[in-house]
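Be aware that the sequence shown starts at 0, since it is given in numbering that gives the first Met the number 0, and climbs by one per residue. Think of the CB as a built atom: it goes at the ideal place given N, C-alpha and C, for glycine as much as any other residue. In this text the structure is predicted, and so the values were computed from the model without any measurement. Worksheet: one structure, shown below.
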Amino acid sequence: MMPHGFAGILGTGRAVPERVLTNADLEKMVDTSDEWIVTRTGIKERRIASPEEAASDLGYQAALKALEASKVKASELDLIIVATITGDMPFPATACIIQGRLGATKAAAFDLAAGCSGWVYSLEVAQSMVKAGYQRVLVIGVDVLSKITDYTDRSTCVLFGDGAGAAVLGPVKEGYGVLASDLGADGLGADYLKLPVGGSRCPSQTVAIDDPGRYLKMSGNEVFKFAVRAMGDSTQRVLEKANLTGEDISWFIPHQANIRIIKSAASRFNIPEDRIYINVDRYGNTSAASIPIALDEVVETGKVQDGDLILVVGFGAGLTWGSAILRWGGVE
Ligand code: ACO
Numbered sequence: 000m001m002p003h004g005f006a007g008i009l010g011t012g013r014a015v016p017e018r019v020l021t022n023a024d025l026e027k028m029v030d031t032s033d034e035w036i037v038t039r040t041g042i043k044e045r046r047i048a049s050p051e052e053a054a055s056d057l058g059y060q061a062a063l064k065a066l067e068a069s070k071v072k073a074s075e076l077d078l079i080i081v082a083t084i085t086g087d088m089p090f091p092a093t094a095c096i097i098q099g100r101l102g103a104t105k106a107a108a109f110d111l112a113a114g115c116s117g118w119v120y121s122l123e124v125a126q127s128m129v130k131a132g133y134q135r136v137l138v139i140g141v142d143v144l145s146k147i148t149d150y151t152d153r154s155t156c157v158l159f160g161d162g163a164g165a166a167v168l169g170p171v172k173e174g175y176g177v178l179a180s181d182l183g184a185d186g187l188g189a190d191y192l193k194l195p196v197g198g199s200r201c202p203s204q205t206v207a208i209d210d211p212g213r214y215l216k217m218s219g220n221e222v223f224k225f226a227v228r229a230m231g232d233s234t235q236r237v238l239e240k241a242n243l244t245g246e247d248i249s250w251f252i253p254h255q256a257n258i259r260i261i262k263s264a265a266s267r268f269n270i271p272e273d274r275i276y277i278n279v280d281r282y283g284n285t286s287a288a289s290i291p292i293a294l295d296e297v298v299e300t301g302k303v304q305d306g307d308l309i310l311v312v313g314f315g316a317g318l319t320w321g322s323a324i325l326r327w328g329g330v331e
């Protein structure tokens, strides 16, 4: 394996379920209103997986598109990383299931759990592996939070949607690819966002079928305060590491959890509104999938030029945060 100086994205893809759940639908399910959801979160609708659809199904579809866009064959992949907290099963890794389905026989495969920051964490691992000599690394962010959401709890069920986004990384020309990154965690906030049942602390066999701990639990206010701080601080650090300012950034692609969190983070850095990518209105919070879905949509618009600087930043369960700046293009 030949080490390489610069690692970047060769192509992207995304996949979302067909079913749309609108705010009007939710008004019929819980005591909420379109007005409350839009003003507090910016979300108008989200995609919901079918009962048969699992993380590997969406991840696989997104992977096929990313491979096609990057002109890489599955058989050429050296590594597959899947960022998820809602894998098909606790084990085997969803990355292994996708590896088998793709026929990526040469690829090592593992999952990475960092909540909604998972894809940014995976991007950092992937670029380090490319620099260490791996030639082709597939990074998928996929979550199917609808499967662990309590649709009688209005404080959480309006927020989440399902989806997958993917990117293939490889060596790129000097000065391109991931230029700087910033990852971190505050485990003292682990209780603020969690799925209490189903792990070794509280195995699902030990609780009743209707135990509320089978569903995602969140202290929304605590997560909100953390998110505003973490997104802003991480953006600040990654800009400093890359020796750049907000004005240099062509596309600011934040985790799509809540429009208020996005705007408050962006306002610290004089990033013009037309450079902030927002799709939370159409997908809600798709957790680890949100940044790669947004990235793929921006790329699809054709508005990303070779040499553009893209800043991605996310926060999530853990609590975790992560950001990265990449120079787009430079594919060898
Ligand atoms: N419809 C109507 N009213 C609601 C709803 C709803 N869907 N949800 C909550 N309310 C009520 C509350 O009960 C409360 O009423 P009360 O004052 O009578 O008690 C009132 O609205 C205000 O509630 P707050 O929680 O203070 O509302 P807030 O403005 O903080 O918004 C929200 C809540 C949207 C959840 C916000 O806190 C938030 O976005 N937090 C961050 C969540 C997040 O991003 N999580 C994802 C992390 S990523 C991951 O790893 C999965």
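| Cβ contact check for the segment 28 to 41 and the segment 179 to 193: 3 or more pairs under 8 Å | no
| request: Identify every residue that forms a DSSP beta bridge with residue 315. | output: 319
| request: Please name the residue in 250, 316, 261, 266 whose C-alpha comes closest to that of residue 295. | output: 250
| query | Relative to the ligand ACO, is the shortest distance from any of its heavy atoms to the C-beta of residue 81 smaller than 7 Å? | reply | no
| request: Find the nearest neighbour of residue 209 within the set 50, 149, 135, 42, judged by alpha-carbon distance. | output: 149
| request: Assign residue 90 to one of two classes, buried (16 or more other C-beta atoms within 10 Å of its C-beta) or exposed (fewer than that). | output: exposed
| field | Beta-bridge partners of residue 128, as assigned by DSSP | value | Paired residues: none, contrary to the question.
| request: Would you kindly work out how many angstroms separate the C-alpha atoms of residue 62 and residue 282, rounded to a whole number? | output: 19 Å
| query | Who are the near neighbours of residue 127 in its chain, counting only those whose CB is closer than 7 Å to its CB and skipping five residues on each side? | reply | none
| task | Identify which residue in 280, 268, 269, 25 has its Cα closest to the Cα of residue 255. | result | 280
| said: Taking 6 Å as the limit between beta carbons, can you name the residues of its chain near residue 288, skipping five residues before and five after? | reply: 140, 141, 142, 162, 163, 164
| field | Distance, residue 15 Cα to residue 24 Cα | value | 19 Å
| Between which two residues does the alpha helix (DSSP H) harbouring residue 292 extend? | 289 to 299
| request: Would you check if the segment 290 to 309 and the segment 104 to 113 touch, i.e. whether three or more CB-CB distances between them fall below 8 Å? | output: no
| Do you know offhand how far residue 155's Cα is from residue 94's? | 27 Å
| What's the gap between the Cα of residue 43 and the Cα of residue 37? | 6 Å
| query | Should residue 207 be labelled buried (16 or more other beta-carbon atoms within 10 Å of its own) or exposed? | reply | exposed
| field | DSSP-derived helix/strand/coil call for residue 44 | value | strand
| Between residue 2 and the rest of its own chain, which residues show a CB-CB distance below 8 Å, the 5 nearest in sequence each way excluded? | 130, 131, 132
| Which runs of the beta strand (DSSP E) fall wholly inside the segment 122 to 208 and span at least 3 residues, in chain order? | 136 to 143, 161 to 170, 176 to 184
| query | Closest by CA to residue 84, which one among 285, 211, 267? | reply | 285
| Top-ranked residue by Cα proximity to residue 219, from 4, 157, 8 | 157
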